[in-house]
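Numbering (the working numbering), first residue to last: 15 to 193.
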Amino acid sequence: MIPVQKYCSNCGATVVLKFTEGKDRIVCEHCDTIHYTNPKIVTGALCVWEDKVLLCRRAIEPRKGYWNLPAGYLEDFEKAEDGAIRETWEEAGAEIEIEKVFTVYNLPQANQVYIHFLAKLKDGIVRNGEESIESGLFREEEIPWKEMAFTSSAFALRKFFEDRKAGNFNTHLGAFPEK
Ligand SMILES: [Zn+2]
Numbered sequence: 015m016i017p018v019q020k021y022c023s024n025c026g027a028t029v030v031l032k033f034t035e036g037k038d039r040i041v042c043e044h045c046d047t048i049h050y051t052n053p054k055i056v057t058g059a060l061c062v063w064e065d066k067v068l069l070c071r072r073a074i075e076p077r078k079g080y081w082n083l084p085a086g087y088l089e090d091f092e093k094a095e096d097g098a099i100r101e102t103w104e105e106a107g108a109e110i111e112i113e114k115v116f117t118v119y120n121l122p123q124a125n126q127v128y129i130h131f132l133a134k135l136k137d138g139i140v141r142n143g144e145e146s147i148e149s150g151l152f153r154e155e156e157i158p159w160k161e162m163a164f165t166s167s168a169f170a171l172r173k174f175f176e177d178r179k180a181g182n183f184n185t186h187l188g189a190f191p192e193k
């Protein structure tokens, strides 16, 4: 669960896993440094054009060949919404306008938190990015539910179609496993 780190980045000594400040942490007993670790943030977008949403088919592992909303790791010093804009451009060559935070989805076992924004495609133009085999716009009945790469995307899509039916887009909190 805790990322592997063998040596202390402060003094170079071998670190140990030790119960410290309420949980197991990576600790250097040589220079008394606690090496705190944090979850990764994945940022992405549910991009809408007319009655369709943008999906990308992954060209890279994990889950190569499966469909996903454009998303990826937030970079250092980057705003979450800028990361979603960047990832959508990299994966689908599409320009978007962010509307709101749509889903926050926790994956505590993978030590990740997904943030998906609701966004509008600026011109409906979708290309194939470097990290996608193909990109496309899908109506609700065309969504390849059984070929979705990650539960985080399926959750956002499900909430999108539910909200669209209800005529009001909310912000949703989800997790896997659900409890
Ligand atoms: Zn040290």
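Every residue gets a Cβ at the ideal spot worked out from N, C-alpha and C, and that includes glycine.
Residue state for Thr34 is assigned as strand, using DSSP reduced to three classes.
Linking Arg100 to Arg172 through their CA atoms gives a straight-line distance of about 24 Å. CA-to-CA, the gap between Val41 and Lys54 works out to about 20 Å. With a threshold of 6 Å, the Cβ atom of Thr47 counts as near ligand 1, since some heavy atom of the ligand is closer than that. Cys25 is classed as exposed because its beta carbon has fewer than 16 other beta carbons within 10 Å across all chains shown.
About 15 Å separates the CB atoms of Ala85 and Val62; that is not less than 8 Å, and the two are not in contact.
When the five nearest sequence neighbours on each side are left out, the beta carbons in the same chain lying within less than 7 Å of the beta carbon of Thr28 are those of Lys20, Tyr21, in order along the chain.
In this structure, the straight-line span from the alpha carbon of Phe175 to that of Leu187 is close to 16 Å. In this structure, Leu132 sits near Phe116, with a CB-CB distance shorter than 7 Å.
Apart from sequence neighbours up to five positions away, the residues of its chain that approach Thr185 with a beta-carbon distance below 8 Å are Lys114, Val115, Phe116, Thr117, Val118, ordered along the chain. Closer than 6 Å to some heavy atom of ligand 1: that describes the Cβ of Asn24. In the DSSP annotation of this structure, the continuous segment of the alpha helix (DSSP H) that includes Lys173 starts and ends at 165-180. For Gly86, the enclosing beta strand (DSSP E) stretches over residues 85-87. By the Cβ neighbour-count rule, Ala163 is buried, with 16 or more other Cβ atoms within 10 Å of its own. Contact holds between the region 142-151 and the region 93-107, because three or more Cβ pairs, one in each stretch, are under 8 Å apart. Following the DSSP letters along the chain, one finds Trp103 inside the alpha helix (DSSP H) bounded by residues 94-106. Under a 10 Å Cβ-count criterion, Gly181 is classified as exposed, with fewer than 16 other Cβ atoms of the shown protein chains found around its own Cβ. When Ala170, Ala168, Ala108, Phe190 are compared, the shortest CA-CA separation from Glu148 is found for Ala108.
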